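To start, the structure under review is shown below, and the notes come after it.
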Amino acid sequence: MTTLDTPPMIETPIHPAVGEWTLPEFVSEDQLPSREGDRVIQYREALREAMSEEMRKDKRVFLIGEEVAEYNGAYKISQGMLDEFGPKRIIDSPISENGFAGACIGAAMAGLRPIVEFMSWSFSLVAADPILNNAPKMLYMSGGQWGCPIVFRGNDGAGGQLGSTHSWCVEGLYANVPGMKMAIPSNPYDAKGLLKTAICDPDPVFFLESERMLGDKAHVPDEEYYIPFGRARRVIEGDACTLVSFGRPVNFCVEAAEALAGEGINVEVLDMRTIRPLDIDSIIESVKKTNRVLVVDQSWPFAGISSEVITQITEHAFDWLDAPPARVNTRDVPTPYAKHLEYDYLPNPERIAEGVRRVMA
Amino acid sequence: MPRRKAYEAKIDYLQILDENGKFDARLGKDTLSDEQVIDAYEQMWICRELDETAFKLQRSGRMGTYPQNKGQEAAAVGSALAMVRGQDWLAPCYRENAALFMHGLPMHYILLHWMGDERGNQIPEGVNQTPLSIPIGTHMLHATGIAWAMKLRKEKDKAVITYFGDGATSEGDFHGAMNFASTLKVPVVFFCQNNEWAISVPRHEQMNSPTVAQKAIAYEMPTIRVDGNDLFAVYKAVKDARERAVEGGGPSFIEAVTYRLGDHTTADDARRYRDQKELDAWLEKDPLIRTRKFLESKDLWSEKQQKKLGERAKKIVSEVVKTAEGIGEPSTNDIFDYTFAELCDDLKTQRDTMRTSSLGQHPEQAGLRGQAERV
Numbered sequence: 001m002t003t004l005d006t007p008p009m010i011e012t013p014i015h016p017a018v019g020e021w022t023l024p025e026f027v028s029e030d031q032l033p034s035r036e037g038d039r040v041i042q043y044r045e046a047l048r049e050a051m052s053e054e055m056r057k058d059k060r061v062f063l064i065g066e067e068v069a070e071y072n073g074a075y076k077i078s079q080g081m082l083d084e085f086g087p088k089r090i091i092d093s094p095i096s097e098n099g100f101a102g103a104c105i106g107a108a109m110a111g112l113r114p115i116v117e118f119m120s121w122s123f124s125l126v127a128a129d130p131i132l133n134n135a136p137k138m139l140y141m142s143g144g145q146w147g148c149p150i151v152f153r154g155n156d157g158a159g160g161q162l163g164s165t166h167s168w169c170v171e172g173l174y175a176n177v178p179g180m181k182m183a184i185p186s187n188p189y190d191a192k193g194l195l196k197t198a199i200c201d202p203d204p205v206f207f208l209e210s211e212r213m214l215g216d217k218a219h220v221p222d223e224e225y226y227i228p229f230g231r232a233r234r235v236i237e238g239d240a241c242t243l244v245s246f247g248r249p250v251n252f253c254v255e256a257a258e259a260l261a262g263e264g265i266n267v268e269v270l271d272m273r274t275i276r277p278l279d280i281d282s283i284i285e286s287v288k289k290t291n292r293v294l295v296v297d298q299s300w301p302f303a304g305i306s307s308e309v310i311t312q313i314t315e316h317a318f319d320w321l322d323a324p325p326a327r328v329n330t331r332d333v334p335t336p337y338a339k340h341l342e343y344d345y346l347p348n349p350e351r352i353a354e355g356v357r358r359v360m361a
Numbered sequence: 001m002p003r004r005k006a007y008e009a010k011i012d013y014l015q016i017l018d019e020n021g022k023f024d025a026r027l028g029k030d031t032l033s034d035e036q037v038i039d040a041y042e043q044m045w046i047c048r049e050l051d052e053t054a055f056k057l058q059r060s061g062r063m064g065t066y067p068q069n070k071g072q073e074a075a076a077v078g079s080a081l082a083m084v085r086g087q088d089w090l091a092p093c094y095r096e097n098a099a100l101f102m103h104g105l106p107m108h109y110i111l112l113h114w115m116g117d118e119r120g121n122q123i124p125e126g127v128n129q130t131p132l133s134i135p136i137g138t139h140m141l142h143a144t145g146i147a148w149a150m151k152l153r154k155e156k157d158k159a160v161i162t163y164f165g166d167g168a169t170s171e172g173d174f175h176g177a178m179n180f181a182s183t184l185k186v187p188v189v190f191f192c193q194n195n196e197w198a199i200s201v202p203r204h205e206q207m208n209s210p211t212v213a214q215k216a217i218a219y220e221m222p223t224i225r226v227d228g229n230d231l232f233a234v235y236k237a238v239k240d241a242r243e244r245a246v247e248g249g250g251p252s253f254i255e256a257v258t259y260r261l262g263d264h265t266t267a268d269d270a271r272r273y274r275d276q277k278e279l280d281a282w283l284e285k286d287p288l289i290r291t292r293k294f295l296e297s298k299d300l301w302s303e304k305q306q307k308k309l310g311e312r313a314k315k316i317v318s319e320v321v322k323t324a325e326g327i328g329e330p331s332t333n334d335i336f337d338y339t340f341a342e343l344c345d346d347l348k349t350q351r352d353t354m355r356t357s358s359l360g361q362h363p364e365q366a367g368l369r370g371q372a373e374r375v
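Residue numbers (the working numbering), protein chains in the order written: chain R, 1 to 361; chain G, 1 to 375.
Now the structure itself:
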């Protein structure tokens with residue numbers, strides 16, 4: 001029974017119990033399947049396709065969350081998945097975000113690949129310890145050994161008059177923690193490609209969707225594709241000012257850009273797609289061309305993503321700027337309940353266009 | 001409609017070897033063989049030696065904060081003996097060193113960790129343990145998740161044991177883990193070392209329930225309270241729980257009543273908040289003394305063997321200290337390399353610029369400090 005010999009330190013990669021991973025072959029943006037076409041599906045269907053495709057390929061992947069199985073998902077994202085994959089892989093959880101997030105970290109360490117659905121990221125706050133203090137640090141605290149391949153996903157941002165406690169944009173708060181990755185797609189095409197990549201990723205991924213976009217429709221190609229993390233997409237090309245955004249507000253930037261084009265201001269719109277890693281190179285490249293920048297961020301301004309982006313711009317491209325870098329955030333107050341106040345609180349096309357005019361002045 | 005009883009429960013208390021070394025042969029039947037008890041006693045003694053040495057290392061500035069295990073050795077050793085090494089999994093907190101090394105973790109890893117080196121948490125292949133968990137209670141959920149993975153994969157004859165203190169049962173994580181484990185019916189043993197103190201807060205101020213064991217009733221989980229300084233009672237309870245787990249009976253709860261003879265960690269002084277009389281009473285219930293009395297009563301142990309064990313333990317521990325202190329310091333590269341499974345570009349940049357002592361974090365700024373100095 002007794003073993004008291006002292007073997008040498010191990011040169012260890014990931015512990016074998018965690019299991020292996022294979023990242024997909026990534027191609028450049030112009031080699032991805034076309035965004036044009038008539039296979040028009042909703043954002044929620046794109047998410048469902050991503051999960052289902054990966055679950056068919058990898059038996060280790062499963063989905064857990066409140067109402068994901070029998071009820072087909074509180075937002076019908078997982079509709080039909082219980083029928084296809086059965087109750088062992090599509091799992092209705094008790095209402096205990098802390099409980100299922102923590103248990104899934106254990107399951108990931110033991111070789112499974114959990115997809116954890118938070119009905120809303122607002123509810124993830126009660127699971128702060130597992131998602132912020134365990135998952136992103138497990139690998140580090142075990143000397144590079146205990147990876148934690150897990151996807152946490154759910155609705156982020158103001159869902160439409162849900163009141164302040166149910167309207168969190170967690171990206172500003174959570175992206176501060178090293179050791180995790182964060183994706184925040186703005187459209188069905190990216191949602192699918194990014195979620196598939198997230199499920200293959202060996203590190204914890206926070207995947208931020210938006211209740212307000214679940215019904216958005218777009219062409220999503222039949223053929224399989226993966227979108228790499230850390231690569232922004234240029235949505236609109238322009239030379240007057242760079243608009244940097246991510247998630248739902250990207251769509252408002254496009255609306256603002258159309259309005260501004262009528263005034264002769266041609267802005268460039270960058271969709272970051274992932275916040276961690278952040279494609280700062282694409283931002284810098286664009287800023288060196290336009291010499292002006294406005295960051296549009298649906299989380300609070302203080303010590304948030306916009307602050308980080310602007311700091312990095314001033315670090316890398318200070319001499320290229322013709323105007324102080326600017327930002328449009330939510331206002332620095334709890335999310336209002338009343339419809340018109342919530343609209344004004346969030347970045348919206350009018351506020352964004354106004355921001356651009358300020359930068360151009 | 002008369003009122004009637006909706007639910008009734010009782011909780012057993014098990015003691016097989018009492019404070020005086022008196023053994024209950026009926027209850028103790030089919031527990032540990034004489035050889036196993038000798039081995040267990042040796043492990044307990046070696047663990048105590050490691051513990052005392054670690055304390056001294058901390059006091060002499062050679063180690064960081066350390067939580068002493070002193071007094072809780074029977075709980076660790078008895079439970080470790082009942083679980084199957086290399087097959088079952090351990091999800092520990094930090095007061096069961098003996099269980100860790102009995103299940104294959106090289107002893108110097110334990111010291112290395114407390115010396116402030118994450119590499120002490122690198123678990124060698126074949127050793128089924130999760131890294132030490134310092135935030136109270138979070139690892140009980142991980143244990144549940146690991147057991148759940150075992151169940152989903154239909155792995156036979158495997159179970160998980162998770163260790164935690166009485167203080168951890170006040171955490172939400174505890175209740176989340178208990179609820180999930182019982183609802184999913186997974187093979188996990190919840191092993192509470194009730195050492196009566198959560199740092200400076202005594203148990204009766206932490207909870208209103210007279211036992212910790214009764215908390216498991218809410219989860220319809222088999223539960224028992226045992227004398228945690230009684231090697232046999234601990235072994236028996238854990239063995240039964242493990243059997244139940246591997247046979248598909250789901251999780252069990254064990255409250256092992258023991259006592260923290262030392263401070264919470266080297267960062268506090270228990271004399272400031274604890275009654276000396278209480279400590280003195282528990283010193284008499286020391287599991288090492290009790291187990292030795294048992295062995296002597298059966299003529300299985302002599303003064304000579306004791307002397308030999310003492311010398312052997314000192315030798316092992318001094319070698320372990322030497323090994324731990326002989327391991328080179330972790331490098332700056334490690335902190336970046338350990339953050340993601342594959343080093344990402346921005347961290348690569350930070351790693352590279354750190355070598356150049358730049359002002360910022362980007363190579364373009366690497367030269368700035370030099371320029372400032374020239375000015």
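Backbone N, C-alpha and C fix where the C-beta goes; we use that ideal spot for every residue, glycine too.
None of these values were measured; they are calculated from a predicted model.
- Residue burial is scored here from C-beta neighbours: G/Ser302 has fewer than 16 other C-beta atoms within 10 angstroms and is therefore classed as exposed.
- With contacts defined by Cβ atoms closer than 8 Å, G/Pro92 and G/Leu100 form a contacting pair.
- Interface annotation for the stretch 108-121 of chain R against chain G: Met109, Ala110, Gly111 and Leu112, criterion Cβ-Cβ distance under 7 Å.
- Segment contact: the stretch 296-304 of chain R against the stretch 346-354 of chain R, three or more CB-CB distances shorter than 8 Å; contact assigned.
- With a threshold of 16 other beta carbon atoms within 10 Å, G/His113 meets it and is buried.
- At a beta-carbon threshold of 7 Å, the residues of chain R lying near G/Tyr338 are Leu139, Tyr140, Gly143 and Gly144, ordered along the chain.
- When only Cα atoms are considered, R/Glu285 and R/Asp203 end up about 28 Å apart.
- Under the DSSP definition of a beta bridge, R/Val244 partners with R/Leu270 and R/Val295.
- Between the alpha carbons of G/Asp117 and R/Val244 lies a gap of roughly 40 Å.
- Residues of the stretch 78-111 of chain G whose Cβ lies closer than 9 Å to any Cβ of chain R, in chain order: Leu81, Arg85, Trp89, Ala91, Phe101, Met102, Gly104, Pro106, Met107, His108 and Tyr109.
- Taking a Cβ-Cβ cut-off of 9 Å, the neighbours of G/Asn121 in chain R comprise Met141, Ser142, Gly143, Gln145 and Trp146, given in sequence order.
- Of the residues assessed, G/Asn69 falls on the buried side of the cut-off, its CB having 16 or more other CB atoms within 10 angstroms.
- Under the criterion of beta carbons closer than 8 Å, G/Ala74 and G/Thr291 qualify as touching, at roughly 7 Å.
- At a cut-off of 8 Å between C-beta atoms, R/Pro94 counts as an interface residue with respect to chain G.
- For G/Ile217, not one C-beta of chain R is nearer than 8 Å to its own C-beta.
- Rounded to whole angstroms, the gap between the alpha carbons of R/Ser164 and R/Ala158 is 8 Å.
- Within the same chain, and ignoring the five residues on either side of G/Pro67 in sequence, the residues whose Cβ sits closer than 7 Å to its Cβ are Tyr94, Arg95, His264 and Thr265.
- By the Cβ rule, the stretch 90-104 of chain R does not count as touching the stretch 31-41 of chain R, because fewer than three pairs are nearer than 8 Å.
- By the neighbour-count definition (other C-beta atoms within 10 Å, threshold 16), R/Glu209 is a buried residue.
- Annotation for R/Ile236: the continuous beta strand (DSSP E) segment containing it runs Arg233 to Ile236.
- Under the 10 Å beta carbon count, R/Thr335 is surrounded by 16 or more other beta carbons and is classified as buried.
- Within chain G, the residues placing a beta-carbon under 9 Å from that of R/Gly230 are Cys344, Asp345 and Asp346, ordered along the chain.
- 8 Å or more divides the Cβ of R/Val235 from the Cβ of R/Val220.
- The beta carbon of G/Pro135 falls within 8 Å of a beta carbon belonging to chain R, placing the residue at that interface.
- At a Cβ-Cβ threshold of 8 Å, G/Leu90 and G/Tyr235 do not count as neighbours.
- Between G/Ala256 and G/Trp148, the alpha-carbon positions lie close to 25 Å from each other.
- Residue-level contact check: G/Asn179 touches chain R, since one or more beta carbons of chain R fall below 8 Å from its beta carbon.
- Under the 8 Å criterion on CB atoms, G/Glu125 is classed as interfacial with respect to chain R.
- By the CB criterion at 8 Å, R/Cys200 and R/Leu321 fall outside the cutoff.
- Assigned with DSSP and collapsed to three states, G/Ser331 falls in coil, not helix or strand.
- Chain R places no beta carbon closer than 8 Å to that of G/Trp301, leaving this residue out of the contacts.
- Listed along chain R is no residue with a C-beta nearer than 7 Å to that of G/Leu57; the closest approach is about 16 Å.
- The beta carbon of R/Ala303 does not come within 8 Å of any beta carbon belonging to chain G, so the residue lies off that interface.
- Counting the other CB atoms within 10 Å of its CB gives G/Glu243 a total below 16, which places it among the exposed residues.
- Of G/Lys314, G/Leu50 and G/Met150, the smallest CA-CA separation from G/Ala245 is found for G/Met150.
- Under the Cβ distance rule, G/Pro131 counts among the residues neighbouring chain R, one pair being separated by less than 8 Å.
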